[in-house]
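Chains as they are written, first to last, in the working numbering: chain H, 2 to 221; chain D, 2 to 96.
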């Protein structure tokens, strides 16, 4: 029976003003089943807002690309070097693999496996570096074949979009190197690894953006 | 009250009489009678209009998902507290 099931006195009628409610009344308030739930740190909110701004930045660039791409009768324009679809496809796989190793590193810190964390972060840094190196090498080849920023609208769009993405990957890689050094110093644990989480969020954003750019610029 | 009604009629009259016949300020209308440029601008504007909703919706959706996951985890971890005390309380019983 409930706590407040009051045994009634049958020989006395209870006055209304002293009548207690039949369920849950009379005692101290029950604490809520769900107290304040903490989703994450304030750093998460900051990184999310930043990523939203970055997404809108790239949306603006993509909007400009859409205007030129849809209005052009022939695309790519004639007498322009063709983009290396195959090599960049392999490069895309390398970058996606770096996102996988980054996710695994988060799981490793969740079980306090520090050796695995450092190993996976090293792999992520290596894969990100390979991606940037291959991109840079392909750029040099394209410039050698005549596709530059000023050669045509095609060249200007390509280097603007891919260049800004490369710049973001470069910044993410620098951040990742700092996190890697911090991990080697033992600054992350299961209870405290906000720096790693925020870096992983930014890295995931940069990696997730690349297939969109690759599909729109290289394939379509 | 009468002045407000008169002002309202005058406003409607002015809007009907002085409405521009040609919208030269539109960024798409200057392109002419259709064609690839107009279509390109249309698609670009639609894409850019949709992007803020997509970004904010993704953020809100992720926050809602994270909250539910954290709440479920917290419920599993914490000691279950009874909603109602079932022990007999002589003070409440009146006996």
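Using N, Cα and C, we set each Cβ at its ideal position, and we do this for glycine too. None of the values given here were measured: they were computed from a predicted structure.
I need the DSSP call for residue 151 of chain H, collapsed to helix, strand or coil.
Assignment of residue 151 of chain H by DSSP, reduced to helix, strand and coil, places it in the coil class.
CA-CA distance, residue 170 of chain H and residue 72 of chain D?
So the two alpha carbons sit approximately 34 Å from each other.
Please report the distance separating the alpha-carbon of residue 78 of chain D from that of residue 184 of chain H.
28 Å
So which residues of chain H does residue 56 of chain D contact, with C-beta pairs closer than 7 Å?
Those are 53, 56 and 57, listed as they occur along chain H.
Can you grab the Cα-Cα spacing for the pair residue 128 of chain H / residue 36 of chain D, in whole Å?
Counting only the Cα atoms, residue 36 of chain D lies some 45 Å from residue 128 of chain H.
How should residue 50 of chain H be labelled, buried or exposed, when 16 other C-beta atoms within 10 angstroms of its C-beta is the threshold for buried?
exposed
Give the single residue among H/201, H/211, H/218 and H/221 whose Cα lies nearest to the Cα of residue 101 of chain H.
H/201
Under 8 Å, Cβ to Cβ, is there at least one residue of chain D near residue 72 of chain H?
yes
Step through the CB atoms of chain D and report whether any lies within less than 8 Å of the CB of residue 100 of chain H.
no
Of the choices H/105, H/204, H/66 and H/60, whose alpha-carbon is the least far from that of residue 130 of chain H?
H/204
Could you check the C-alpha separation between residue 221 of chain H and residue 159 of chain H for me, to the nearest Å?
13 Å
Would DSSP call residue 145 of chain H helix, strand or coil?
helix
According to DSSP, simplified to helix, strand and coil, what is residue 75 of chain H?
Assigned with DSSP and collapsed to three states, residue 75 of chain H falls in coil, not helix or strand.
Which class does residue 113 of chain H belong to by DSSP, given the choice of helix, strand or coil?
coil
Where does residue 12 of chain H sit, in a helix, a strand or coil, going by DSSP?
Annotation note: pLDDT 48 at residue 12 of chain H (below 50); position unreliable, no value reported.
When DSSP labels each residue in this structure, what does residue 81 of chain H get in the three-state scheme?
Residue state for residue 81 of chain H is assigned as coil, using DSSP reduced to three classes.
Distance check for residue 90 of chain H and residue 147 of chain H, CA to CA, integer angstroms please.
22 Å
Could you tell me whether the region 208 to 215 of chain H touches the region 148 to 168 of chain H, where touching means 3 or more Cβ pairs closer than 8 Å?
In short, these stretches touch, since the Cβ pair count reaches three.
Of all the residues that make up the region 109 to 128 of chain H, which are near chain D by a beta-carbon distance shorter than 7 Å?
none
Chain H beta carbons: is any one of them nearer than 8 Å to that of residue 4 of chain D?
no
Select from the region 37 to 50 of chain D all residues with a C-beta closer than 7 Å to any C-beta belonging to chain H, and list them in chain order.
37, 38, 40, 41, 42, 44, 45, 48 and 49
How should residue 209 of chain H be labelled, buried or exposed, when 16 other C-beta atoms within 10 angstroms of its C-beta is the threshold for buried?
exposed
Can you give me the Cβ contacts of residue 136 of chain H inside the same chain, cut-off strictly under 7 Å, excluding the 5 residues immediately before and after it?
92 and 167
Would you mind telling me which residues of chain D sit closer than 7 Å to residue 64 of chain H, beta carbon to beta carbon, in chain order?
45, 48 and 49
Contact criterion: CB-CB distance below 8 Å. Does residue 44 of chain H meet it with respect to chain D?
no
Using the three-state DSSP reduction, which class does residue 189 of chain H fall into: helix, strand or coil?
coil
Within 8 Å (strictly less), CB to CB, does residue 68 of chain H reach chain D?
Cβ-Cβ to chain D under 8 Å: yes for residue 68 of chain H.
Quick check on residue 41 of chain H - is its C-beta less than 8 Å from some C-beta in chain D?
yes
Taking the alpha helix (DSSP H) that residue 60 of chain D falls in, what are its first and last residues?
Element bounds for residue 60 of chain D: 37 to 78.
For residue 64 of chain D and residue 45 of chain H, what's the separation of their Cα atoms in angstroms?
10 Å
Going by the CB atoms, is the gap between residue 67 of chain H and residue 48 of chain D shorter than 8 Å?
yes
Would you be able to state if there are at least three C-beta pairs under 8 Å between the region 70 to 82 of chain H and the region 8 to 17 of chain D?
no
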